[in-house]
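Peer 1:
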Amino acid sequence: MALKLLDRLEEVLIATLIAIATLIIVVAVVHRYGTSASINLAQWGRSIGQQWLFDGGRAVFSFLRSINLTWAQELCIYLFVWMAKFGAAYGVRTGIHVGVDVAVVRLSPASAHIVILCALLCGALFTFIVGSLGARFVWHIAHTEQVSADLEVPMWLVYIAVPLGSYLMCFRFLQVARQFWRTGEVPQHDHSHVDGLDDLTPLPALAPNPLPDHGATR
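So the sequence shown is numbered by this note's numbering: it starts at 451 and just counts up by one.
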């Protein structure tokens, strides 16, 4: 039950981060091009003598200029960092990460079993070391007054993604290693498969429309 809850929270967090980052990027792009387009609209209205276009363009420009989105790029960077850290752990659990097994497939089953298990344990050890170093760094940053440039949030809130994501990835490596020790199988992902497409109803084949029968050719 606890593992299912952790899996669900992991998926919800990644999806939420992607959705928020995408929304912010769209809003920022519309804001940027809307500002320049409103200036062009005002200039064009003045050039053709249409005062209402000039006033409308100036009103839109004034409204967009009053919206401060200088923080959008910084926030998106932080969101993608968090998404990458937790997405890496999700990739270990689901087998999405691409692996090179040219040498492993040439080994005997017993030798391949040992190599794969050692690789998983090495991944767990590496991510544990990264998480521990990240935790020490976050502890140091938390005792300073360092804040981000635009959002002005404490930087330890940003960097805490490193130990959290790394420790979660370490747990996923141990989880997969335990599964491989018991069953001899690791999670596999079909990269040619797209989730959701199997649920769609296939469209019927389009047959050519028959020509209308207007009687015999004379």
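Even for Gly, the Cβ is constructed at its ideal location relative to N, Cα and C.
Contact check, Pro613 vs Val636 under 8 Å by CB: the rounded distance?
Peer 2: Sequence index remark: in the sequence shown, residue 613 carries index 163 (1-based). Sequence index remark: in the sequence shown, residue 636 carries index 186 (1-based). Their Cβ separation, rounded to whole angstroms, is 25 Å, which puts Pro613 and Val636 out of contact at 8 Å.
Peer 1: Quick check on this structure: which residue in Ile527, Gly634, Trp532 and Asp505 has the alpha carbon closest to the alpha carbon of Ile464?
Peer 2: Residue numbering aside, residue 464 sits at position 14 when the sequence shown is read from its first letter. It is Trp532 whose Cα lies nearest to the Cα of Ile464.
Peer 1: Compare the beta carbon distance of Gly573 and Phe623 with 9 Å and say whether it is the shorter of the two.
Peer 2: For the purposes of this step, residue 573 is taken as the residue at position 123 of the sequence shown. For the purposes of this step, residue 623 is taken as the residue at position 173 of the sequence shown. In this structure, Phe623 lies closer than 9 Å to Gly573 by Cβ.
Peer 1: Given this structure, state the Cα-to-Cα distance separating Leu570 from Leu455, to the nearest angstrom.
Peer 2: Reading the sequence shown from its first residue, position 120 is the one you call residue 570. Reading the sequence shown from its first residue, position 5 is the one you call residue 455. The straight-line gap from Cα to Cα measures roughly 23 Å.
Peer 1: Whose C-beta lies closer than 7 Å to the C-beta of Ala585 among residues of the same chain, with five residues either side of it excluded?
Peer 2: The count along the sequence shown starts at 1 and reaches residue 585 at position 135. Cβ within range, chain order: Pro613.
Peer 1: Since Met619 contacts Ala538 with CB under 8 Å, what's their CB separation in whole angstroms?
Peer 2: Within the sequence shown, the letter at position 169 stands for residue 619. Within the sequence shown, the letter at position 88 stands for residue 538. Right, their Cβ atoms sit about 5 Å apart.
Peer 1: Could you check whether the segment 552-562 touches the segment 593-600, counting it as contact only if at least three pairs of C-beta atoms, one from each stretch, sit closer than 8 Å?
Peer 2: At 8 Å Cβ cutoff, the stretches do not touch.
Peer 1: For Ala553 and Ala452, I'd like the C-alpha separation in whole angstroms.
Peer 2: Numbered from 1 along the sequence shown, position 103 holds the residue referred to as residue 553. Numbered from 1 along the sequence shown, position 2 holds the residue referred to as residue 452. Each residue's Cα considered, the two are about 37 Å apart.
Peer 1: Mind reading off the beta-carbon distance from Gly615 to Phe536? Whole number of angstroms is fine, and I expect it under 8 Å.
Peer 2: By one-based count along the sequence shown, residue 615 stands at place 165. By one-based count along the sequence shown, residue 536 stands at place 86. About 5 Å separates the two Cβ atoms, so the contact holds.
Peer 1: Taking Cβ positions, are Arg508 and Ser486 nearer each other than 9 Å?
Peer 2: On the sequence shown, residue 508 is found 58 positions in, with the first residue counted as 1. On the sequence shown, residue 486 is found 36 positions in, with the first residue counted as 1. Their beta carbons are not under 9 Å apart, which means Arg508 does not touch Ser486 by this criterion.
Peer 1: Determine the extent of the alpha helix (DSSP H) in which Ile474 is found, giving its start and end residues.
Peer 2: Sequence index remark: in the sequence shown, residue 474 carries index 24 (1-based). Note, Ile474: alpha helix (DSSP H), Ala452 to Ser497.
Peer 1: Assuming Leu525 is part of the alpha helix (DSSP H), what are its boundary residues?
Peer 2: For the purposes of this step, residue 525 is taken as residue 75 along the sequence shown, with counting starting at 1. Per DSSP, Leu525 belongs to the alpha helix (DSSP H) from Ala522 to Thr544.
Peer 1: Which of the three DSSP states is assigned to Val580 in this structure?
Peer 2: The residue you call residue 580 lines up with position 130 of the sequence shown. The three-state secondary structure of Val580, taken from DSSP, is helix.
Peer 1: If we ignore side chains and look at the alpha-carbon of each, how far apart do Leu519 and Thr466 end up?
Peer 2: Position 69 of the sequence shown, counted from the start, is the residue given in the question as residue 519. Position 16 of the sequence shown, counted from the start, is the residue given in the question as residue 466. Spanning the two alpha carbons is a distance of roughly 20 Å.
Peer 1: Could you check what DSSP says for Val552 in three-state terms: helix, strand or coil?
Peer 2: Indexing the sequence shown from 1 puts residue 552 at position 102. Three-state DSSP puts Val552 in coil, outside helix and strand.
Peer 1: Tell me, which residues are paired with Pro604 by DSSP?
Peer 2: Within the sequence shown, the letter at position 154 stands for residue 604. For Pro604, which the question treats as bridged, DSSP gives the partners Val597.
Peer 1: May I have the straight-line CA-CA distance separating Thr544 from Leu525, to the nearest angstrom?
Peer 2: The residue labelled residue 544 in the question sits at position 94 within the sequence shown. The residue labelled residue 525 in the question sits at position 75 within the sequence shown. One C-alpha to the other measures close to 28 Å.
Peer 1: Please report the distance separating the alpha-carbon of Ala522 from that of Ala469.
Peer 2: One-based indexing of the sequence shown puts residue 522 at position 72. One-based indexing of the sequence shown puts residue 469 at position 19. Whole-angstrom Cα-Cα distance: 14 Å.
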